[in-house]
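Participant: The listed protein sequences correspond, in order, to chains A and B.
First residue of the first sequence? That's 1 in UniProt numbering, and the numbers climb one at a time after it.
First residue of the second sequence? That's 1 in UniProt numbering, and the numbers climb one at a time after it.
Take this structure, written in structure tokens, and hold onto it; I'll ask about it next.
Number of protein chains: 2
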Amino acid sequence: MLEGMTTRDPRAAGLARLAALAADETRAACLLALLDGRAWTAGELARHAGVAASTLSEHLGKLVAGGLLAEERQGRHRYVRLADARVAQLVEDLAAQVSPAAAERPRTLRQAGAGSAMARGRTCYDHLAGRLGIAVTDAFAARGLLLRDTGFALTDAGVRWFAAAGIGLDRRGRRPLARACLDWTERRPHLAGVAGAALCRHALETGWCVRIGSERAVKVTEAGERALSGLLGIDAGALR
Amino acid sequence: MLEGMTTRDPRAAGLARLAALAADETRAACLLALLDGRAWTAGELARHAGVAASTLSEHLGKLVAGGLLAEERQGRHRYVRLADARVAQLVEDLAAQVSPAAAERPRTLRQAGAGSAMARGRTCYDHLAGRLGIAVTDAFAARGLLLRDTGFALTDAGVRWFAAAGIGLDRRGRRPLARACLDWTERRPHLAGVAGAALCRHALETGWCVRIGSERAVKVTEAGERALSGLLGIDAGALR
DNA sequence: CGGACACTTCGGCCCCCGCCGAAGCGTCCG
DNA sequence: CGGACGCTTCGGCGGGGGCCGAAGTGTCCG
């Protein structure tokens, strides 16, 4: 009907193609599961999503081809993880947009227990979240290390704090040094970006926190309580 | 196959439903067009997207029902615009993720001319973009009004600057005071959020800038050059 | 070497959804 | 009042894509 089939907008086509990757419930479940920052096998994801292995294999093919996932093959396993921090942020942003109603709703006692551990402290892709993440972010703001009421950025004092604590910040690359990640249990933003990732890595490496089981939940150790109290003035009570 | 049809993750379902709204090329073209912040009629969007009016009517129904668009009916016209700044940011973020290759490619002389005017200065939803937006952001950063290398936030001096310039900042609401919007012609972030919107509104109201034609492009007036030079030290040459 | 295992490919099924034109409805204007 | 106009609803068509089980490939382990 239209004469010249006016070449359609390539930006619209690209946007649609990208969104289509997340527009399927099974693939969306994979993306959300992978938000924990770990690498999952195809089989784990298939069981998690409740579909046949063959079905999930095709989904992974699309997600990898679309650049959302990176894959690593080890023996007979296919491990996938979110391709990079940009993708993680995109999934977070989309998830944060989705109806806040769908957020909290523990179903079984066991889930409720796990949920409360998750609410205390957990990782979100590569940074700290839950009440632990909030407490750290609050402490940074209270000590003038972080601006968060007029945007979200480390102050000069904040940059010096990281140097003094011996936590290196990789300032090459396009990833922002600090950005806000909107939590979906707590309803408040917490520190993400290069600084959030560096802090989380340091906390796990030095034993301030340990992972609980194979889950995303983390627990603050006694050494961690002392360190967080000394370096940031965080009261241990705020973490319970 | 599966016994209890294990109730699927409502968060995944919500994410998939949201993404599906943008996963169609015609709807994606609408969302991108509406990024200019104006209200479009259904007919304008149908011509823009190159589909029948009946087709586009159905698309608008879904976008409105999904909360991405707000509509306003006037007589026999149906005006739609992006529902709010959150949606605008989401579309921006998705568009920024899409292959940078699909960015620049002027096709006709007329488009090239319009493109260069757009590159000089334009609005992006409700804030300034293009080289004008970059110049303003650079000036804010150079004068210590804005932190952007360690995140993105107004400094105290920045907040005072807005007060001194008589530009009100509405600090109620959840919208961040300052945030980065990634430009897709220039490849650098520029000031968005409450402060970016207030600055843009003020610039248009006081005649620092005027819109060119019915497009998103804006031009800096002579009065605007004097004001930007006096208040921010922006050299007029940077805007050409 | 043979069986268990993780994943992939293939064929087939079916549903969803985007598309259109035709017809209908409300609004505007001469 | 009547015709032009903008939008919506409806029926029907066609393509795309998610799903599965079965069969195939490659890996690990006893």
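Backbone N, C-alpha and C define an ideal beta-carbon position, used for all residues, glycine too.
#1: So that I know if they touch, is there some Cβ in chain B lying closer than 8 angstroms to that of F152 (chain A)?
#2: 8 angstroms is my cut-off, CB to CB: does Q97 (chain A) come that close to chain B?
#3: Determine the direct distance from the alpha carbon of D9 (chain A) to that of A29 (chain B), and round the result to whole angstroms.
#4: Does the beta-carbon distance from F162 (chain B) to A195 (chain B) come in below 8 angstroms?
#5: Give every residue of the same chain whose Cβ lies closer than 7 angstroms to the Cβ of L45 (chain A), excluding the five residues on either side of it in the sequence, and list them in chain order.
#6: When you compare only the Cα positions, how much space is there between residue 241 (chain B) and G237 (chain B)?
#7: Comparing the C-beta of L147 (chain B) with each C-beta of chain A, is any distance below 8 angstroms?
#8: V159 (chain B) touches chain A at which residues, Cβ-Cβ below 8 angstroms?
#9: Using a Cβ-Cβ cutoff of less than 7 angstroms, which residues in the same chain neighbour A96 (chain B) once the five nearest sequence positions on both sides are dropped?
#10: Helix, strand or coil for L210 (chain B) per DSSP?
#11: What span of residues does the alpha helix (DSSP H) with A46 (chain B) cover, start to end?
#12: Where does the unbroken alpha helix (DSSP H) through T55 (chain A) begin, and where does it stop?
#13: Please confirm if the segment 77-90 of chain A is in contact with the segment 35-50 of chain A, defined as three or more CB-CB distances below 8 angstroms between the two stretches.
#14: Hey, how far is the Cα of E225 (chain B) from the Cα of D235 (chain B)?
#15: So if I threshold CB-CB distances at 7 angstroms, which residues from the segment 16-47 of chain A count as touching chain B?
#16: Closer than 8 angstroms, CB to CB, is R122 (chain A) near chain B or not?
#17: Just to confirm the assignment, what range does the beta strand (DSSP E) spanning P189 (chain B) have?
#18: Using DSSP's beta-bridge definition, name the partner residues of Q97 (chain A).
#19: Under 8 angstroms between the Cβ atoms of G14 (chain A) and A139 (chain A)?
#20: Spell out whether any CB of chain B is found under 8 angstroms from the CB atom of G193 (chain A).
#21: Which residue from A:A19, A:R122, A:T206 puts its Cα closest to that of I167 (chain A)?
#22: Any contact of the segment 142-156 of chain B with the segment 141-160 of chain A, i.e. 3+ C-beta pairs under 8 angstroms?
#23: To which residues does DSSP link residue 242 (chain B) through a beta bridge?
#24: From A:A178, A:L18, A:D24, A:G213, pick the residue whose C-alpha is nearest to that of A126 (chain A); which is it?
#25: I'd like the list of long-range same chain contacts for E186 (chain B), defined as Cβ closer than 6 angstroms, with 5 residues on each side in sequence excluded.
#26: Within the 8 angstroms Cβ cut-off, does E3 (chain B) reach chain A?
#27: Hey, A192 (chain A) and W208 (chain A): beta-carbon distance below 8 angstroms or not?
#28: Is it right to say G130 (chain B) is buried, meaning 16 or more other beta carbons lie within 10 angstroms of its own, or is it exposed?
#29: Would E92 (chain B) pass as a contact of L128 (chain B) if the rule is Cβ separation under 8 angstroms?
#30: Taking DSSP's pairing of strands, which residues face C181 (chain B) in a bridge?
#31: For T123 (chain A), I'd like the list of residues in its chain whose CB is within less than 7 angstroms of its CB, leaving aside the five on either flank, ordered along the chain.
#32: Cβ of L132 (chain B) within 8 angstroms of Cβ of L239 (chain B)?
#33: Could you tell me whether the Cβ atoms of A49 (chain B) and T26 (chain B) are closer together than 8 angstroms?
#34: May I ask you to list, following chain order, the residues of the segment 170-190 of chain B that have a beta carbon less than 7 angstroms from some beta carbon of chain A?
Facilitator: In short, the structure shows the following:
#1: As a position in the first sequence, residue 152 (chain A) is number 152, starting the count at 1. Yes, F152 (chain A) counts as interfacial toward chain B.
#2: Position 97 of the first sequence, counted from the first residue, corresponds to residue 97 (chain A). Cβ-Cβ to chain B under 8 angstroms: yes for Q97 (chain A).
#3: Numbered from 1 along the second sequence, position 29 holds the residue referred to as residue 29 (chain B). Numbered from 1 along the first sequence, position 9 holds the residue referred to as residue 9 (chain A). Cα-Cα distance, rounded: 7 angstroms.
#4: Numbered from 1 along the second sequence, position 162 holds the residue referred to as residue 162 (chain B). Numbered from 1 along the second sequence, position 195 holds the residue referred to as residue 195 (chain B). Contact: yes.
#5: Stepping through the first sequence from its first residue, residue 45 (chain A) is reached at position 45. Contacts found: C30, A33, L56.
#6: Residue 241 (chain B) lies beyond the range of chain B shown here (1 to 240); nothing can be said about it.
#7: Here residue 147 (chain B) refers to the residue found at position 147 when the second sequence is read from its first residue. Chain A, which has a Cβ nearer than 8 angstroms to the Cβ of L147 (chain B), makes this yes.
#8: Locating residue 159 (chain B) in the second sequence gives position 159, where the first residue counts as 1. The contacting residues are T150.
#9: Along the second sequence, read from residue 1 onward, the residue named residue 96 (chain B) stands at position 96. L182, W184.
#10: Mapped onto the second sequence, residue 210 (chain B) falls at position 210. The sequence as given places Val at residue 210 (chain B); Leu does not occur at that position. Looking at V210 (chain B) - three-state DSSP - the assignment turns out to be strand.
#11: Taking the second sequence and counting its residues from 1, the one referred to as residue 46 (chain B) is at position 46. That run of the alpha helix (DSSP H) goes 42-49.
#12: Here the question's residue 55 (chain A) lines up with position 55 in the first sequence. 53-65 is the span of the alpha helix (DSSP H), which, as asked, contains T55 (chain A).
#13: yes
#14: One-based indexing of the second sequence puts residue 225 (chain B) at position 225. One-based indexing of the second sequence puts residue 235 (chain B) at position 235. Each residue's alpha carbon lies about 8 angstroms from the other.
#15: A16, L18, A19, A20, A22, A23, D24, E25, A28, A29, L32
#16: In the first sequence, the residue the question calls residue 122 (chain A) occupies position 122. No, because no Cβ of chain B sits closer than 8 angstroms to the Cβ of R122 (chain A).
#17: Sequence index remark: in the second sequence, residue 189 (chain B) carries index 189 (1-based). Start and end: 189-192.
#18: In the first sequence, counting from the first residue as 1, residue 97 (chain A) sits at position 97. None, per the DSSP bridge assignment.
#19: As a position in the first sequence, residue 14 (chain A) is number 14, starting the count at 1. As a position in the first sequence, residue 139 (chain A) is number 139, starting the count at 1. Taking 8 angstroms as the Cβ cut-off, G14 (chain A) and A139 (chain A) do not qualify as a contacting pair.
#20: Here residue 193 (chain A) corresponds to residue number 193 of the first sequence, with the count starting at 1. So yes, G193 (chain A) belongs to the interface.
#21: Counted from its first residue, the first sequence places residue 167 (chain A) at position 167. Closest by alpha carbon: A:T206.
#22: yes
#23: A query on residue 242 (chain B) cannot be resolved here, the shown segment of chain B reaching from 1 to 240 and no further.
#24: Here the question's residue 126 (chain A) lines up with position 126 in the first sequence. Note that residue 126 (chain A) is Asp in the sequence shown here, rather than Ala. Among A:A178, A:L18, A:D24, A:G213, the Cα nearest to that of D126 (chain A) belongs to A:A178.
#25: Within the second sequence, numbered from 1, the residue matching residue 186 (chain B) stands at position 186. Excluding sequence neighbours, E186 (chain B) sits near I134.
#26: Translated into positions along the second sequence, residue 3 (chain B) becomes position 3. Confidence at E3 (chain B) is low in this model, with a pLDDT of 37, below 50, so the placement of that residue should be treated as unreliable; the coordinate-derived value is given next. No, E3 (chain B) lies away from the interface with chain A (no Cβ there is under 8 angstroms from its Cβ).
#27: The sequence position of residue 192 (chain A) within the first sequence is 192, counting from 1. The sequence position of residue 208 (chain A) within the first sequence is 208, counting from 1. Going by C-beta atoms, A192 (chain A) is not nearer than 8 angstroms to W208 (chain A).
#28: Numbered from its first residue, the second sequence carries residue 130 (chain B) at position 130. Buried, since its Cβ has 16 or more Cβ neighbours within 10 Å.
#29: In the second sequence, the residue the question calls residue 92 (chain B) occupies position 92. In the second sequence, the residue the question calls residue 128 (chain B) occupies position 128. In this structure, L128 (chain B) does not lie closer than 8 angstroms to E92 (chain B) by Cβ.
#30: Within the second sequence, the letter at position 181 stands for residue 181 (chain B). Bridge partners of C181 (chain B): B:H190.
#31: The count along the first sequence starts at 1 and reaches residue 123 (chain A) at position 123. D36, G37, A129, C200, R216, V218, listed in sequence order.
#32: Here the question's residue 132 (chain B) lines up with position 132 in the second sequence. Here the question's residue 239 (chain B) lines up with position 239 in the second sequence. Result yes, Cβ atoms of L132 (chain B) and L239 (chain B) sit closer than 8 angstroms.
#33: Numbered from 1 along the second sequence, position 49 holds the residue referred to as residue 49 (chain B). Numbered from 1 along the second sequence, position 26 holds the residue referred to as residue 26 (chain B). For A49 (chain B) and T26 (chain B), yes; Cβs fall inside 8 angstroms.
#34: P176, L177, A178, R179
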